[in-house]
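**Student:**
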(Lines of atoms letter the chains of each structure in order from A; the text may use other names.)
(Lines give C-alpha, C1' and ligand atoms only; values in the text may rest on other atoms or scores of the structure.)
Protein backbone atom coordinates (compact mmCIF):
# COMPACT_ATOMS: atom_id res chain seq x y z
CA UNK A 626 0.00 0.00 0.00
CA UNK A 627 1.26 3.47 -0.85
CA UNK A 628 2.29 5.90 1.89
CA UNK A 629 -0.14 8.76 2.43
CA UNK A 630 1.87 11.45 0.59
CA UNK A 631 2.61 9.20 -2.38
CA UNK A 632 -1.00 8.06 -2.46
CA UNK A 633 -2.24 11.66 -2.55
CA UNK A 634 -0.03 12.39 -5.56
CA UNK A 635 -1.32 9.26 -7.27
CA UNK A 636 -4.91 10.22 -6.50
CA UNK A 637 -4.37 13.71 -7.88
CA UNK A 638 -2.84 12.26 -11.04
CA UNK A 639 -5.87 10.02 -11.55
CA UNK A 640 -8.30 12.90 -11.05
CA UNK A 641 -6.41 14.99 -13.61
CA UNK A 642 -6.38 12.16 -16.15
CA UNK A 643 -10.14 11.57 -16.39
CA UNK A 644 -13.29 13.61 -15.82
CA UNK A 645 -15.26 11.23 -13.56
CA UNK A 646 -14.26 8.45 -11.16
CA UNK A 647 -16.39 6.33 -8.87
CA UNK A 648 -15.18 5.77 -5.32
CA UNK A 649 -14.80 2.06 -6.05
CA UNK A 650 -12.63 2.72 -9.13
CA UNK A 651 -10.31 5.00 -7.20
CA UNK A 652 -10.09 2.56 -4.30
CA UNK A 653 -9.20 -0.24 -6.70
CA UNK A 654 -6.51 1.83 -8.44
CA UNK A 655 -4.97 2.89 -5.12
CA UNK A 656 -5.44 -0.48 -3.38
CA UNK A 657 -7.28 1.09 -0.45
CA UNK A 658 -10.83 1.22 0.92
CA UNK A 659 -13.45 3.71 -0.23
CA UNK A 660 -13.24 5.27 3.24
CA UNK A 661 -9.54 5.97 2.70
CA UNK A 662 -10.37 7.54 -0.67
CA UNK A 663 -12.89 9.79 1.06
CA UNK A 664 -10.29 10.86 3.63
CA UNK A 665 -7.68 11.49 0.93
CA UNK A 666 -10.14 13.63 -1.01
CA UNK A 667 -10.67 15.74 2.11
CA UNK A 668 -6.87 16.18 2.38
CA UNK A 669 -6.68 17.37 -1.24
CA UNK A 670 -9.46 19.87 -0.60
CA UNK A 671 -7.56 21.28 2.38
CA UNK A 672 -4.58 21.73 0.07
CA UNK A 673 -6.71 23.83 -2.29
CA UNK A 674 -7.72 21.29 -4.92
CA UNK A 675 -11.42 21.69 -5.85
CA UNK A 676 -12.50 18.02 -5.81
CA UNK A 677 -16.24 17.72 -6.42
CA UNK A 678 -18.32 14.82 -5.10
CA UNK A 679 -21.24 13.15 -6.85
CA UNK A 680 -23.89 11.73 -4.49
CA UNK A 681 -25.57 8.35 -4.71
CA UNK A 682 -24.71 4.68 -4.39
CA UNK A 683 -22.42 4.86 -7.42
CA UNK A 684 -21.23 8.34 -6.50
CA UNK A 685 -17.72 9.46 -7.17
CA UNK A 686 -15.41 12.40 -7.68
CA UNK A 687 -14.13 14.80 -10.28
CA UNK A 688 -11.54 17.57 -10.24
CA UNK A 689 -13.49 20.79 -10.60
CA UNK A 690 -12.52 24.30 -11.61
CA UNK A 691 -11.41 26.48 -8.72
CA UNK A 692 -10.65 30.12 -8.13
CA UNK A 693 -6.94 29.41 -8.36
CA UNK A 694 -5.00 26.99 -10.53
CA UNK A 695 -3.43 24.22 -8.44
CA UNK A 696 -0.07 22.84 -9.54
CA UNK A 697 -0.16 20.14 -12.20
CA UNK A 698 1.44 16.79 -11.55
CA UNK A 699 3.76 15.97 -14.47
CA UNK A 700 6.37 13.27 -14.84
CA UNK A 701 9.60 13.90 -16.79
CA UNK A 702 8.26 12.86 -20.19
CA UNK A 703 5.03 14.83 -19.72
CA UNK A 704 6.96 17.97 -18.74
CA UNK A 705 9.13 17.78 -21.86
CA UNK A 706 6.07 17.11 -24.03
CA UNK A 707 4.27 20.16 -22.61
CA UNK A 708 7.33 22.37 -23.19
CA UNK A 709 7.68 21.19 -26.80
CA UNK A 710 3.94 21.65 -27.41
CA UNK A 711 3.99 25.18 -26.00
CA UNK A 712 6.91 26.16 -28.23
CA UNK A 713 5.15 24.67 -31.25
CA UNK A 714 1.90 26.47 -30.35
CA UNK A 715 3.73 29.80 -30.39
CA UNK A 716 3.83 29.61 -34.18
CA UNK A 717 0.83 27.39 -34.73
CA UNK A 718 -2.64 27.53 -36.22
CA UNK A 719 -4.62 28.64 -33.15
CA UNK A 720 -5.16 32.40 -33.17
CA UNK A 721 -4.19 34.57 -30.24
CA UNK A 722 -2.25 32.07 -28.13
CA UNK A 723 1.29 32.78 -29.37
CA UNK A 724 2.22 35.22 -26.58
CA UNK A 725 0.32 33.19 -23.97
CA UNK A 726 2.21 30.04 -25.00
CA UNK A 727 5.55 31.79 -24.63
CA UNK A 728 4.61 33.08 -21.16
CA UNK A 729 3.58 29.61 -20.04
CA UNK A 730 6.75 28.12 -21.51
CA UNK A 731 8.89 30.65 -19.62
CA UNK A 732 7.22 29.70 -16.33
CA UNK A 733 7.63 26.00 -17.01
CA UNK A 734 11.32 26.30 -17.93
CA UNK A 735 12.02 28.13 -14.66
CA UNK A 736 10.94 25.11 -12.60
CA UNK A 737 12.31 22.34 -14.81
CA UNK A 738 15.23 20.43 -13.32
CA UNK A 739 18.52 20.87 -15.25
CA UNK A 740 18.33 17.44 -16.93
CA UNK A 741 14.96 18.33 -18.50
CA UNK A 742 15.87 21.95 -19.24
CA UNK A 743 18.77 20.72 -21.39
CA UNK A 744 16.44 18.48 -23.39
CA UNK A 745 13.99 21.31 -24.06
CA UNK A 746 16.83 23.69 -24.95
CA UNK A 747 18.23 21.15 -27.43
CA UNK A 748 14.87 21.07 -29.18
CA UNK A 749 14.62 24.87 -29.22
CA UNK A 750 18.13 25.45 -30.60
CA UNK A 751 17.69 22.89 -33.39
CA UNK A 752 14.23 24.01 -34.52
CA UNK A 753 13.26 26.69 -37.01
CA UNK A 754 9.49 27.29 -36.79
CA UNK A 755 7.47 27.92 -39.95
CA UNK A 756 4.55 30.34 -39.50
CA UNK A 757 1.19 28.73 -40.12
CA UNK A 758 -0.23 29.55 -43.57
CA UNK A 759 -3.60 27.96 -42.98
CA UNK A 760 -6.70 29.56 -41.54
CA UNK A 761 -6.41 30.13 -37.81
CA UNK A 762 -9.08 28.97 -35.39
CA UNK A 763 -10.50 30.69 -32.33
CA UNK A 764 -9.07 28.97 -29.22
CA UNK A 765 -12.40 29.34 -27.41
CA UNK A 766 -14.18 27.49 -30.23
CA UNK A 767 -11.50 24.79 -30.20
CA UNK A 768 -11.85 24.40 -26.43
CA UNK A 769 -15.65 24.27 -26.63
CA UNK A 770 -15.53 21.51 -29.25
CA UNK A 771 -12.93 19.55 -27.30
CA UNK A 772 -15.09 19.79 -24.17
CA UNK A 773 -18.15 18.55 -26.06
CA UNK A 774 -16.12 15.61 -27.40
CA UNK A 775 -14.93 14.72 -23.90
CA UNK A 776 -18.35 15.12 -22.28
CA UNK A 777 -20.18 13.40 -25.17
CA UNK A 778 -22.57 16.30 -25.62
CA UNK A 779 -24.40 17.06 -28.85
CA UNK A 780 -23.45 20.21 -30.72
CA UNK A 781 -25.40 22.70 -32.81
CA UNK A 782 -23.48 25.05 -35.07
CA UNK A 783 -23.71 27.16 -38.21
CA UNK A 784 -21.33 25.91 -40.87
CA UNK A 785 -19.91 27.60 -43.96
CA UNK A 786 -18.91 25.09 -46.66
CA UNK A 787 -16.06 25.48 -49.16
CA UNK A 788 -18.60 26.66 -51.75
CA UNK A 789 -19.80 29.39 -49.39
CA UNK A 790 -23.14 27.70 -48.68
CA UNK A 791 -24.34 28.09 -45.07
CA UNK A 792 -26.17 25.42 -43.08
CA UNK A 793 -27.19 24.59 -39.51
CA UNK A 794 -25.77 21.25 -38.31
CA UNK A 795 -26.55 18.97 -35.38
CA UNK A 796 -23.83 16.47 -34.58
CA UNK A 797 -22.36 14.09 -32.06
CA UNK A 798 -18.71 15.22 -31.79
CA UNK A 799 -15.95 12.61 -31.38
CA UNK A 800 -12.47 13.74 -32.42
CA UNK A 801 -10.43 16.85 -33.23
CA UNK A 802 -7.83 16.32 -35.96
CA UNK A 803 -4.95 18.66 -36.79
CA UNK A 804 -3.03 18.37 -40.07
CA UNK A 805 -0.52 21.11 -39.03
CA UNK A 806 -2.27 23.77 -41.13
CA UNK A 807 -5.92 23.36 -40.18
CA UNK A 808 -8.13 21.87 -37.46
CA UNK A 809 -11.02 19.51 -38.22
CA UNK A 810 -13.90 18.01 -36.24
CA UNK A 811 -14.95 14.41 -36.85
CA UNK A 812 -18.60 14.00 -35.90
CA UNK A 813 -21.70 11.95 -36.57
CA UNK A 814 -24.10 14.20 -38.52
CA UNK A 815 -27.57 13.52 -37.12
CA UNK A 816 -29.42 14.94 -40.12
CA UNK A 817 -27.33 13.07 -42.71
CA UNK A 818 -26.99 9.91 -40.60
CA UNK A 819 -23.31 9.51 -41.43
CA UNK A 820 -19.79 10.50 -40.37
CA UNK A 821 -18.70 13.97 -41.48
CA UNK A 822 -15.62 16.15 -41.04
CA UNK A 823 -15.85 19.92 -40.56
CA UNK A 824 -13.20 22.61 -40.79
CA UNK A 825 -13.24 24.25 -37.38
CA UNK A 826 -12.44 27.74 -38.68
CA UNK A 827 -15.83 27.54 -40.49
CA UNK A 828 -17.75 26.43 -37.38
CA UNK A 829 -19.87 28.87 -35.35
CA UNK A 830 -21.05 26.84 -32.33
CA UNK A 831 -24.34 27.58 -30.58
CA UNK A 832 -24.87 27.41 -26.85
CA UNK A 833 -25.86 25.68 -24.77
CA UNK A 834 -24.70 22.28 -25.95
CA UNK A 835 -27.27 19.54 -26.35
CA UNK A 836 -27.95 16.44 -24.24
CA UNK A 837 -25.34 13.76 -23.68
CA UNK A 838 -25.27 10.90 -26.19
CA UNK A 839 -24.31 7.24 -26.12
CA UNK A 840 -21.10 6.94 -28.15
CA UNK A 841 -21.16 5.02 -31.42
CA UNK A 842 -18.48 2.61 -32.56
CA UNK A 843 -15.70 4.91 -33.71
CA UNK A 844 -13.60 4.06 -36.80
CA UNK A 845 -9.95 3.20 -36.05
CA UNK A 846 -7.54 6.16 -35.95
CA UNK A 847 -5.92 5.21 -39.29
CA UNK A 848 -9.34 5.21 -40.97
CA UNK A 849 -10.13 8.61 -39.46
CA UNK A 850 -6.92 10.16 -40.79
CA UNK A 851 -7.36 8.45 -44.19
CA UNK A 852 -10.93 9.76 -44.42
CA UNK A 853 -9.75 13.26 -43.57
CA UNK A 854 -6.84 13.17 -46.03
CA UNK A 855 -9.18 12.00 -48.76
CA UNK A 856 -11.71 14.69 -47.93
CA UNK A 857 -9.06 17.43 -47.91
CA UNK A 858 -7.75 16.29 -51.28
CA UNK A 859 -11.19 16.07 -52.88
CA UNK A 860 -12.72 19.19 -51.37
CA UNK A 861 -11.18 21.66 -53.80
CA UNK A 862 -10.92 19.47 -56.94
CA UNK A 863 -12.54 21.14 -59.93
CA UNK A 864 -12.08 18.18 -62.28
CA UNK A 865 -12.57 14.42 -61.83
CA UNK A 866 -12.52 11.43 -64.18
CA UNK A 867 -12.99 7.66 -64.04
CA UNK A 868 -9.84 5.74 -64.98
CA UNK A 869 -9.38 1.99 -65.49
CA UNK A 870 -5.85 0.85 -64.71
CA UNK A 871 -4.39 -2.44 -65.97
CA UNK A 872 -2.79 -3.26 -62.63
CA UNK A 873 -3.91 -4.56 -59.20
CA UNK A 874 -5.70 -2.15 -56.86
CA UNK A 875 -2.82 -2.32 -54.37
CA UNK A 876 -0.43 -1.04 -57.06
CA UNK A 877 -2.58 2.07 -57.62
CA UNK A 878 -3.02 2.78 -53.91
CA UNK A 879 0.72 2.57 -53.40
CA UNK A 880 1.47 5.00 -56.22
CA UNK A 881 -1.04 7.75 -55.50
CA UNK A 882 0.19 10.64 -53.28
CA UNK A 883 -3.04 10.69 -51.22
CA UNK A 884 -5.42 7.90 -50.10
CA UNK A 885 -7.91 6.97 -52.85
CA UNK A 886 -10.84 4.57 -53.15
CA UNK A 887 -9.92 1.92 -55.72
CA UNK A 888 -12.43 -0.56 -57.15
CA UNK A 889 -10.87 -3.97 -57.97
CA UNK A 890 -12.00 -5.34 -61.36
CA UNK A 891 -10.07 -8.59 -61.13
CA UNK A 892 -6.55 -9.68 -60.36
CA UNK A 893 -4.91 -7.31 -62.82
CA UNK A 894 -7.40 -4.47 -63.34
CA UNK A 895 -9.00 -1.80 -61.17
CA UNK A 896 -10.83 1.50 -61.48
CA UNK A 897 -10.77 4.74 -59.50
CA UNK A 898 -11.93 8.35 -59.81
CA UNK A 899 -8.96 10.68 -59.27
CA UNK A 900 -9.27 14.43 -59.35
CA UNK A 901 -7.27 17.59 -59.86
CA UNK A 902 -7.67 21.29 -60.58
CA UNK A 903 -6.36 20.74 -64.13
CA UNK A 904 -6.63 17.72 -66.50
CA UNK A 905 -2.95 18.15 -67.44
CA UNK A 906 -1.87 17.70 -63.83
CA UNK A 907 -4.05 14.61 -63.58
CA UNK A 908 -2.51 13.24 -66.78
CA UNK A 909 0.98 13.52 -65.27
CA UNK A 910 -0.15 11.68 -62.14
CA UNK A 911 -1.56 8.87 -64.28
CA UNK A 912 1.73 8.52 -66.15
CA UNK A 913 3.50 8.13 -62.81
CA UNK A 914 1.32 5.10 -62.03
CA UNK A 915 3.77 3.14 -64.21
CA UNK A 916 0.93 1.02 -65.59
CA UNK A 917 -1.29 0.95 -68.68
CA UNK A 918 -4.65 2.65 -68.30
CA UNK A 919 -7.60 4.00 -70.26
CA UNK A 920 -9.93 6.91 -69.52
CA UNK A 921 -13.71 6.44 -69.36
CA UNK A 922 -15.85 9.20 -70.86
CA UNK A 923 -13.60 12.16 -70.03
CA UNK A 924 -12.56 13.90 -73.27
CA UNK A 925 -10.67 16.70 -71.47
CA UNK A 926 -8.40 14.16 -69.81
CA UNK A 927 -7.93 12.26 -73.08
CA UNK A 928 -6.81 15.51 -74.74
CA UNK A 929 -4.41 16.17 -71.85
CA UNK A 930 -2.94 12.64 -72.11
CA UNK A 931 -2.62 13.05 -75.89
CA UNK A 932 -0.80 16.36 -75.47
CA UNK A 933 1.54 14.90 -72.86
CA UNK A 934 2.24 11.87 -75.03
CA UNK A 935 3.10 14.11 -77.98
CA UNK A 936 5.43 16.23 -75.85
CA UNK A 937 7.21 13.14 -74.53
CA UNK A 938 7.53 11.70 -78.04
CA UNK A 939 9.06 14.93 -79.35
CA UNK A 940 11.48 14.88 -76.42
CA UNK A 941 12.53 11.32 -77.29
CA UNK A 942 13.02 12.22 -80.95
CA UNK A 943 14.98 15.38 -80.13
CA UNK A 944 17.16 13.47 -77.70
CA UNK A 945 17.87 10.81 -80.33
CA UNK A 946 18.81 13.44 -82.90
CA UNK A 947 21.14 15.12 -80.42
CA UNK A 948 22.83 11.81 -79.56
CA UNK A 949 23.45 10.92 -83.21
CA UNK A 950 24.90 14.32 -84.19
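In the numbering used here, the protein residues as written are 626 to 950. Using N, Cα and C, we set each Cβ at its ideal position, and we do this for glycine too.
DSSP three-state call for residue 871: helix, strand or coil?
**Tutor:** Along the chain shown, read from residue 1 onward, the residue named residue 871 stands at position 246. Coil at residue 871, not helix or strand.
**Student:** Taking the alpha carbon of residue 905 as the point to measure from, which residue in 935, 828 and 852 has its own alpha carbon closest?
**Tutor:** Looking up residue 905 in the chain shown gives position 280. Ranking 935, 828 and 852 by Cα distance to residue 905 puts 935 first.
**Student:** For residue 745, list the residues DSSP reports as bridge partners.
**Tutor:** By one-based count along the chain shown, residue 745 stands at place 120. Paired residues: none, contrary to the question.
**Student:** Can we say the stretch 902 to 919 touches the stretch 864 to 882, given the rule of at least three CB pairs closer than 8 Å?
**Tutor:** The stretch 902 to 919 is in contact with the stretch 864 to 882.
**Student:** If you compare alpha carbons, which of 863, 660 and 737 is closest to residue 926?
**Tutor:** Mapped onto the chain shown, residue 926 falls at position 301. Checking every option, the nearest Cα to that of residue 926 belongs to 863.
**Student:** Could you please give the first and the last residue of the uninterrupted beta strand (DSSP E) stretch that includes residue 791?
**Tutor:** Numbered from its first residue, the chain shown carries residue 791 at position 166. That run of the beta strand (DSSP E) goes 791 to 803.
**Student:** Please report the straight-line C-alpha distance between residue 709 and residue 745, rounded to a whole angstrom.
**Tutor:** Locating residue 709 in the chain shown gives position 84, counting from the first residue. Locating residue 745 in the chain shown gives position 120, counting from the first residue. About 7 Å.
**Student:** Mind checking whether the beta-carbon of residue 821 lies closer than 7 Å to any heavy atom of the ligand COA?
**Tutor:** Summarising the ligand content, the structure contains no ligands, and the ligand COA is consequently not present.
**Student:** Using a Cβ-Cβ cutoff of less than 8 Å, which residues in the same chain neighbour residue 734 once the five nearest sequence positions on both sides are dropped?
**Tutor:** In the chain shown, counting from the first residue as 1, residue 734 sits at position 109. The answer, listed in chain order, is 708, 742 and 745.
**Student:** Skipping 5 residues on each side, what residues in its chain have a beta carbon closer than 8 Å to that of residue 899?
**Tutor:** Working through the chain shown from its first residue, we reach residue 899 at position 274. Hits under 8 Å: 865, 866, 868, 881, 885, 907, 910 and 911.
**Student:** Less than 8 Å between the CB atoms is what I'm expecting for residue 813 and residue 767, so what's the real figure, rounded?
**Tutor:** In the chain shown, residue 813 corresponds to position 188, counting from 1. In the chain shown, residue 767 corresponds to position 142, counting from 1. That pair is no contact at about 19 Å.
**Student:** Go ahead and label residue 839 buried or exposed: buried means 16 or more other beta carbons lie within 10 angstroms of its beta carbon, across all protein chains shown.
**Tutor:** Looking up residue 839 in the chain shown gives position 214. Classification of residue 839: exposed, given that the 10 Å Cβ count is below 16.
**Student:** Please state whether the Cβ-Cβ distance between residue 815 and residue 823 is less than 8 Å.
**Tutor:** The residue labelled residue 815 in the question sits at position 190 within the chain shown. The residue labelled residue 823 in the question sits at position 198 within the chain shown. Cβ atoms of residue 815 and residue 823: not closer than 8 Å.
**Student:** Can you tell me the Cα-Cα spacing of residue 670 and residue 901, whole angstroms?
**Tutor:** One-based indexing of the chain shown puts residue 670 at position 45. One-based indexing of the chain shown puts residue 901 at position 276. Approximately 59 Å between the Cα atoms of the pair.
**Student:** Start and end of the beta strand (DSSP E) containing residue 830?
**Tutor:** Position 205 of the chain shown, counted from the first residue, corresponds to residue 830. Its beta strand (DSSP E) spans residues 828 to 831.
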